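Going by the working numbering, the first residue of the sequence shown is number 6, and it counts up by one from there.
Comments concern the structure below.
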Amino acid sequence: MAMETQLTLLETPSLAKKGIRRVAYHRTGETLRNITDVWVYVNRLRRIVEEELGIEILETVFTDNEDIGTHYMIYRFRYILGEGYIGCRVVTREGRHILTVLTIGG
């Protein structure tokens, strides 16, 4: 399945006190069977984030992953910026991409 090139951006006033100004969502439904597949996806998404938000990401860092029940996995990354970072959480279900949530400070 081809990767969507658009983020869904939402303003998040309720999260502003935590330093999160916006949340972005991305969905593809593509197959992500392992951490290598997820890394490839996150690096392709990085280019979309840079283009749509008009920012430069200096580095992508994997922080951890966690099983959620027996069918779901969440992978956590950070897109490192000049100041701060964008949190990136990739959710899969049985090897299929379900949703990516980006938390954007500012």
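Positions of the beta carbon are idealized from the N, C-alpha and C atoms, including for glycine.
Owing to the predicted nature of the structure, the values given are computational and were not obtained by experimental measurement.
Answer yes or no: do Arg83 and Gly74 have a C-beta to C-beta separation smaller than 9 Å?
The answer is no: Cβ separation not under 9 Å.
Curious, which full-length beta strand (DSSP E) runs of at least 3 residues does the segment 45 to 103 contain?
Fully enclosed beta strand (DSSP E) runs of 3 or longer: 64 to 73, 77 to 85, 90 to 98.
Which residues bound the beta strand (DSSP E) around Ala29?
25 to 31 is the extent of the beta strand (DSSP E) around Ala29.
Using the Cβ count rule (16 or more neighbours within 10 Å means buried), how would you classify Ile40?
Its Cβ having fewer than 16 others within 10 Å, Ile40 is exposed.
Run the CB neighbour count on His76, radius 10 Å, all protein chains shown included, and call it buried at 16 or more, exposed below.
Classification of His76: exposed, given that the 10 Å Cβ count is below 16.
Taking Cβ positions, are Arg32 and Leu104 nearer each other than 9 Å?
Cβ atoms of Arg32 and Leu104: closer than 9 Å.
Whose CA, out of Pro18, Tyr46, Ala21, lies closest to the CA of Arg101?
It is Tyr46.
Since Ile25 and Gly110 are thought to touch, with beta carbons under 8 Å apart, how far apart are those beta carbons, to the nearest angstrom?
At roughly 6 Å, the Cβ-Cβ gap stays under 8 Å, so Ile25 and Gly110 are in contact.
Going by DSSP, name the residue or residues bridged to Leu14.
Looking at the DSSP assignment, Leu14 forms a beta bridge with Ala29.
Hey, out of Arg51, Met78, Glu64, Asp69, whose CA is closest to Arg107's CA?
Inspection of the sequence shows that residue 107 is occupied by Leu rather than by Arg. It is Arg51.
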